[in-house]
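First comes the structure, then the notes that go with it.
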Amino acid sequence: MKNFVETQLSWLALLLTAFYSLLASCRGESCGPEELARCARPLQTLSSDWSELVTTKEQLQRVCIELSSAVSCIKRYTAQCMNEPQRQHFNELYVDVNTAIMELCQEGPYQDNFLKHMPCMQQVKPQFDSCSHKYTAQMQEMAVIKPNEPMKEICCSFQNYLDCSYRTVLVKCGEETATFTKEFFDRTSSSLIKKHCEKFPIKKCLSSSGAVAKTEGLFLSIVLLTVGRYLFL
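Under mature numbering (1 follows the signal peptide of the UniProt record, and there is no 0), the residues of the sequence shown are numbered -28 to -1, 1 to 205, in order.
What follows is the structure, encoded as structure tokens:
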């Protein structure tokens, strides 16, 4: 099973891939969404050996090597497969994630705070996993993108995941760790939400009568881009 960081980042990678698939088309088979997913795969398929504990600088450094490789692959993809408008749009979605990864993977206050709060985040892992399990199925369905309101489905799955994760950490780890978690989520998702999801705040998603609003068994593992490897996405 993936840890808190891996889940967040893996999901983000999937989310960006889904958005790109919806908003832009590339040239040729080597430039399709499958290739972009391949670049992000290291963020999604970290082995259990990596995912059990990331509580020391040494462990985090190993994770950051994988993150760096995935980021480089994504950069090559955007350079080779996207035109300027597409590249600019993608980078706008990705910039906050990139910044968070850089700060996480270099010594400093941000990395120190992450290592400080990670032990409790690991203790919350079973409850945190329940948040991602709720969303796995729907995210996988997004790979075959549904025609009816795909943007709402993506945004609401994202909003519900963030809300579930924040509440879980708040209950088990307290306000300080929950605040750190929320700030991390805000940083890695702010561009994404401002760009496409501001019309679908959590209240609107929860009040919706559609399947997206039901948290009883619908969705995706938010196997995000990895902050697990910290991409921590």
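Where is the CB? At the ideal position from N, CA and C, for every residue including glycine.
Buried or exposed for residue i, going by 16 or more other Cβ atoms inside 10 Å?
i: residue 18; result: Low confidence applies here, because residue 18 scores a pLDDT of 45, under 50, leaving its location unreliable; read the following figure in that light. Burial call: buried.
i: residue 119; result: Its pLDDT being 49, under 50, residue 119 is placed unreliably by the model, and the measurement read from it follows with that caveat. Looking at its Cβ environment, which holds fewer than 16 other Cβ atoms inside 10 Å, residue 119 is exposed.
i: residue 84; result: exposed
i: residue 68; result: buried
i: residue 76; result: buried
i: residue 46; result: buried
i: residue 104; result: buried
i: residue 39; result: buried
i: residue 37; result: exposed
i: residue 55; result: exposed
i: residue 275; result: In this structure the chain extends from -28 to 205, so residue 275 is not present and cannot be described.
i: residue 106; result: buried
i: residue 51; result: exposed
i: residue -4; result: Unreliable positioning characterises residue -4 in this predicted model, as indicated by a pLDDT of 45, which lies under 50. The coordinate reading is nonetheless provided below. Exposed, by the Cβ-count rule.
Rounded to whole angstroms, how far is the Cβ of residue i from the Cβ of residue j, which I believe are closer than 8 Å?
i: residue 93; j: residue 141; result: 7 Å
i: residue 138; j: residue 153; result: 6 Å
i: residue 87; j: residue 49; result: Not quite, the Cβ-Cβ distance comes to about 31 Å (not below 8 Å), so this is no contact.
i: residue 90; j: residue 26; result: 6 Å
i: residue 61; j: residue 123; result: Their Cβ separation, rounded to whole angstroms, is 14 Å, which puts residue 61 and residue 123 out of contact at 8 Å.
i: residue 3; j: residue 42; result: Actually they do not touch by this definition, with Cβ atoms about 17 Å apart.
Quick one, which of the options has its alpha-carbon nearest residue i's?
i: residue 71; options: 172, 171 and 156; result: 156
i: residue 6; options: 29, 53 and 31; result: 53
i: residue 29; options: 57, 55, 66 and 81; result: 81
i: residue 130; options: 173, 10 and 43; result: 173
i: residue 32; options: 79, 133 and 3; result: 79
i: residue 127; options: 147, 170 and 100; result: 170
i: residue 99; options: 57, 64, 145 and 66; result: 145
i: residue 97; options: 59, 136, 64 and 132; result: 136
i: residue 158; options: 65, 176 and 175; result: 65
i: residue 44; options: 13, 95 and 134; result: 13
i: residue 176; options: 151, 147 and 132; result: 132
Check: Which runs of the alpha helix (DSSP H) spanning at least 4 residues fall entirely within the segment 26 to 112, listed in chain order?
Finding: 29 to 53, 56 to 76, 81 to 95 and 97 to 105
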